[in-house]
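Quick note, the sequences are listed as chains A and B, same order.
With the UniProt record's numbering, the residue at position 184 of the first sequence is 184, and numbering never jumps.
With the UniProt record's numbering, the residue at position 76 of the second sequence is 76, and numbering never jumps.
Positions of the beta carbon are idealized from the N, C-alpha and C atoms, including for glycine.
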Amino acid sequence: MQLIQDLIVYYADNAWYVWEQFYRQFLMAAYGVLFGAIVGIPLGILIARYNKLSPWVLSLANIIQTIPALAMLSVLMLVMGLGPNTVVFSLFLYSLLPIIKNTYTGIRNVDHALLESGKAMGMTKFQVLRMVELPLALSVIMAGLRTAVVVTIGVATIGTFIGAGGLGDIIIRGTNATDGTAIILAGAIPTALMAIIADALFGWLERKLTPGKKKKGIFSQDEATV
Amino acid sequence: MPKRIIGTIMLTMTLMLGGCSLPGLGGASGDSVRIGTLGTSESQIMGQMIRQLIEHYTELEVVMVNNLGSSVVQHQAMTEDQVDITATRYTGTDLAGALGMEPVKDPDEAMKIVQREFAKRWDQKWFDSYGFDNSYAFTVSKEFAEEYQLETVSDLEAIAADVRFGVDNSWIQRAGDGYPGFIEEYEFEFPNIFPMQIGLVYQALANDEMDVVLAYTSDGRIAAFDLQILEDDKQFFPPYDTSLVANNAILEEHPELEGILQKLSGKIDTEKMQQLNYEADGNLQEPAVVARNFLEEHHYFEEAE
Chain A
1 MQLIQDLIVY YADNAWYVWE QFYRQFLMAA YGVLFGAIVG IPLGILIARY NKLSPWVLSL
61 ANIIQTIPAL AMLSVLMLVM GLGPNTVVFS LFLYSLLPII KNTYTGIRNV DHALLESGKA
121 MGMTKFQVLR MVELPLALSV IMAGLRTAVV VTIGVATIGT FIGAGGLGDI IIRGTNATDG
181 TAIILAGAIP TALMAIIADA LFGWLERKLT PGKKKKGIFS QDEATV
Chain B
1 MPKRIIGTIM LTMTLMLGGC SLPGLGGASG DSVRIGTLGT SESQIMGQMI RQLIEHYTEL
61 EVVMVNNLGS SVVQHQAMTE DQVDITATRY TGTDLAGALG MEPVKDPDEA MKIVQREFAK
121 RWDQKWFDSY GFDNSYAFTV SKEFAEEYQL ETVSDLEAIA ADVRFGVDNS WIQRAGDGYP
181 GFIEEYEFEF PNIFPMQIGL VYQALANDEM DVVLAYTSDG RIAAFDLQIL EDDKQFFPPY
241 DTSLVANNAI LEEHPELEGI LQKLSGKIDT EKMQQLNYEA DGNLQEPAVV ARNFLEEHHY
301 FEEAE
């Protein structure tokens, strides 16, 4: 009971501060995924086209993913220095794998018959990509972005160790204070909330973008299950 | 070929991100001052005071770089131009750490040396002390002290093999006033040594999870938990008067800063700092709030319009 009271008092006293850190952490995660998407989606399309490259690119992204977050931040810090940019860059690296992999999978899984009919209609390669492959792969790509966002929001928390701020600052403060459980929760709850909300939002987008949804009648069974 | 592409992309990203600041995140933009602090409440309170003073008296934007791991990291951040000001620097720590010199027992002498050497070696201004010092102190609970009749650090020697000893992470490795130096001076060791975040040691002692801890004397919890400090009978620890350090580059760029930064010199004694620390650590106030309350209470904001 005391804990909940402390928590409420803390939020009442520091609402603006918590919001600032929340926003900061959100921005870091968002930038990371944004850059990840700018690089990852074209790369995914590229390796889907030139399949020989895919093992190279995917295993490289896999290796990046296995590096522990704290180690990654420390190494990047030596090169890039302190501050949010370093965190954004490491989040960018972490978001590469889910984005590249899902783009690749999404595009590879487009029905060959559809590609052939596109070609038969006289579409150029780019038109096939834009009008057939991307729309059909979009929901899978969104699922990749969704994974990336959730991962990066979590990892952004440790950005506090290289002076980047964010909700991690609040959590660390809590470990310094005596009976700081309330402060730790005050930082941890918004972090979790942010991840859950982002997940739900992207989940919704993903469903929205699943192909065939708009054509009522033909796919109505599908729609009923959603 | 794919490797080359990825390599190029990463290099571009690194340079891009390294060079500029992303909207909303602040960073290396033109008219900003970067303040580095340690992870301790004390450091963050002082950092917030500096921030609020600068924001009040100037138009400059202040960026906080919090939770730097140790004084060594603070020093590196300063010399590599990652931050412009570090909020809490301790004479004893930097004499041994950054300067690599022998400990100096006289506080005034130590202050003179760091002020001279930092100006000479790194073109940094070491300000006069805030007025408090934050030394290390071997600390036990009152009951434990009575049970084993402990008064000085030397008294610990007899029971050192059996006690659980909790210390600050960075103390174990540090040169001069760290654990290696301690062993040399006092000629005994603690086999059961537990490195931890400094904020945890007080509670650990109060909860009987540790028997002896190395506390910070400016921490309000020593008094609040009724803990007993053991006398450093061999005078192993040098004085740790606390100051802020600023790069001369930023002081030249914004000449008004120097006067503002001097406002805090000699204004906070150790007892006051203990109270402020306790506000943050015991009463769960944010350092920014503690700093604001202090500055308001002492009329720091009233001179300017």
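{"Item": "Counting beta carbon pairs with one atom in the stretch 152-172 of chain B and one in the stretch 250-263 of chain B, are three or more of them shorter than 8 Å?", "Value": "no"}
{"Item": "Taking only runs of the beta strand (DSSP E) that begin and end inside the stretch 230-287 of chain B, which ones reach a length of at least 3 residues, in chain order?", "Value": "242-247"}
{"Item": "Residues in its own chain within less than 6 Å of A/I100 by CB, not counting five upstream and five downstream?", "Value": "G40, L43, G44 and A61"}
{"Item": "So, does the stretch 61-74 of chain B touch the stretch 140-147 of chain B, judging by three or more C-beta pairs under 8 Å?", "Value": "no"}
{"Item": "From the DSSP secondary-structure annotation, give me the bridge partner or partners of B/G166.", "Value": "B/F194 and B/V213"}
{"Item": "Is A/K119 helix, strand or coil by DSSP?", "Value": "helix"}
{"Item": "Which residues mark the beginning and the end of the alpha helix (DSSP H) in which A/W204 is found?", "Value": "T181 to L209"}
{"Item": "Give the DSSP bridge partners of B/L38, in chain order.", "Value": "B/L68"}
{"Item": "Spatial neighbours of B/G97 within its chain, please: C-beta separation below 6 Å, excluding the five flanking residues on both sides.", "Value": "S71 and V72"}
{"Item": "Given that a residue counts as buried once 16 or more other Cβ atoms are within 10 Å of its Cβ, and exposed if not, what is A/V75?", "Value": "exposed"}
{"Item": "Please state whether the Cβ-Cβ distance between B/I222 and B/T152 is less than 9 Å.", "Value": "no"}
{"Item": "Pull up the CB-CB distance for A/N176 and B/D281, whole angstroms please, since I reckon it's below 8 Å.", "Value": "6 Å"}
{"Item": "Out of B/T217, B/A206, B/A224 and B/R164, point me to the one whose CA is closest to B/P195's CA.", "Value": "B/R164"}
{"Item": "Can you tell me whether B/A175 is helix, strand or coil according to DSSP?", "Value": "coil"}
{"Item": "So, for A/S90: in the same chain, excluding its five sequence neighbours on each side, which residues have a beta-carbon less than 8 Å away from its beta-carbon?", "Value": "G32, A69, M72, L73, L76 and V155"}
{"Item": "Shorter than 9 Å from the beta carbon of A/T160 to some beta carbon of chain B?", "Value": "yes"}
{"Item": "Just reading off the alpha helix (DSSP H) that A/Q21 is part of, what are its end residues?", "Value": "Q2 to R49"}
{"Item": "Give the residues of chain A in contact with B/Q197, contact being defined as C-beta atoms less than 9 Å apart.", "Value": "I172, T175 and N176"}
{"Item": "Run the CB neighbour count on B/W126, radius 10 Å, all protein chains shown included, and call it buried at 16 or more, exposed below.", "Value": "buried"}
{"Item": "List, in chain order, every chain A residue whose beta-carbon is nearer than 9 Å to that of B/Y202.", "Value": "T178"}
{"Item": "In three-state terms, what does DSSP make of B/F138?", "Value": "strand"}
{"Item": "Taking all protein chains shown into account, do 16 or more other C-beta atoms lie within 10 angstroms of the C-beta of A/R173, making it buried, or fewer, making it exposed?", "Value": "buried"}
{"Item": "If you measure beta-carbon to beta-carbon, which residues of the stretch 219-239 of chain B are closer than 9 Å to chain A?", "Value": "R221, A224 and F225"}
{"Item": "Starting from the beta carbon of B/G282, find every residue of chain A whose beta carbon is closer than 8 Å, and list them in chain order.", "Value": "A177 and T178"}
{"Item": "Residues of chain B with a CB under 8 Å from the CB of A/P98: which are they?", "Value": "Under the 8 Å cutoff, chain B gives no residues; its nearest Cβ is about 16 Å from A/P98."}
{"Item": "Measure from the C-beta of A/I183 to each C-beta in chain B and report whether the shortest distance is under 9 Å.", "Value": "yes"}
{"Item": "Can you name the residues of chain A whose CB is closer than 8 Å to the CB of B/S41?", "Value": "R173, N176 and A177"}
{"Item": "May I ask which residues mark the beginning and end of the beta strand (DSSP E) holding B/Q124?", "Value": "Q124 to W126"}
{"Item": "Of all Cβ atoms in chain A, is any one closer than 9 Å to the Cβ of B/V63?", "Value": "yes"}
{"Item": "Tell me whether the beta-carbon of A/G165 lies closer than 9 Å to the beta-carbon of A/I158.", "Value": "no"}
{"Item": "Should A/G149 be flagged as near chain B, meaning a C-beta pair shorter than 9 Å?", "Value": "With the sequence shown as reference, residue 149 of chain A is identified as Val, and Gly is not the correct amino acid for it. Closer than 9 Å: no."}
{"Item": "Between the alpha carbons of B/D241 and A/E206, how many angstroms are there, rounded?", "Value": "58 Å"}
{"Item": "When you compare the CB of A/L3 with every CB in chain B, is at least one pair closer than 9 Å?", "Value": "no"}
{"Item": "May I ask which residues mark the beginning and end of the alpha helix (DSSP H) holding residue 248 of chain A?", "Value": "As displayed, chain A neither begins before 1 nor continues past 226, which places residue 248 of chain A out of reach and without an answer."}
{"Item": "Looking at B/A175 and B/G92, is the spacing between their C-beta atoms short of 9 Å?", "Value": "no"}
{"Item": "Please classify B/E59: does DSSP put it in a helix, a strand, or coil?", "Value": "coil"}
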